[in-house]
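Undergrad:
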Amino acid sequence: MRIINIINNELIIRKQKLENELERVLNSTTISTNDQLQKSVELVNKLSEANSSLVTWESYISKTQTTE
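Here the sequence shown stands for residues 22 to 89, numbered as in the numbering used here.
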């Protein structure tokens with residue numbers, strides 16, 4: 022069960038890092054608008070992937086716990 026917690030924590034941390042990076046980019050006054058736009062869209066796409074991974078993982082865990 023420890024590996025389940027490790028994977029869960031890793032997915033949550035990955036999501037939080039991306040959220041933090043997106044906030045940093047959005048609040049930055051040192052990068053151009055075009056760079057800010059490009060980086061923001063990239064981060065939103067990565068964040069979407071991280072969210073999807075987390076939902077998939079939680080669904081998998083939920084299904085395996087109900088079958089045990």
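Cβ coordinates follow ideal geometry from the N, Cα and C atoms, glycine included. Model, not experiment: these values are computed from the prediction.
Return the first residue and the last residue of the alpha helix (DSSP H) that Ser49 is part of.
TA: Unbroken run through Ser49: none, as it is neither H nor E.
Undergrad: Distance, Cα to Cα, Ile34 vs Val65?
TA: Roughly 16 Å separates the two Cα atoms.
Undergrad: Can you check which of these residues, Ser80, Gln86, Leu75 and Ser83, is closest to Leu32 by C-alpha distance?
TA: Minimum Cα distance to Leu32 is reached at Leu75.
Undergrad: In angstroms, rounded to a whole number, what distance separates the CA positions of Ala71 and Glu40?
TA: Roughly 10 Å between the two C-alpha positions.
Undergrad: In angstroms, rounded to a whole number, what distance separates the CA positions of Val62 and Tyr81?
TA: If I take the Cα positions, the gap works out to 28 Å.
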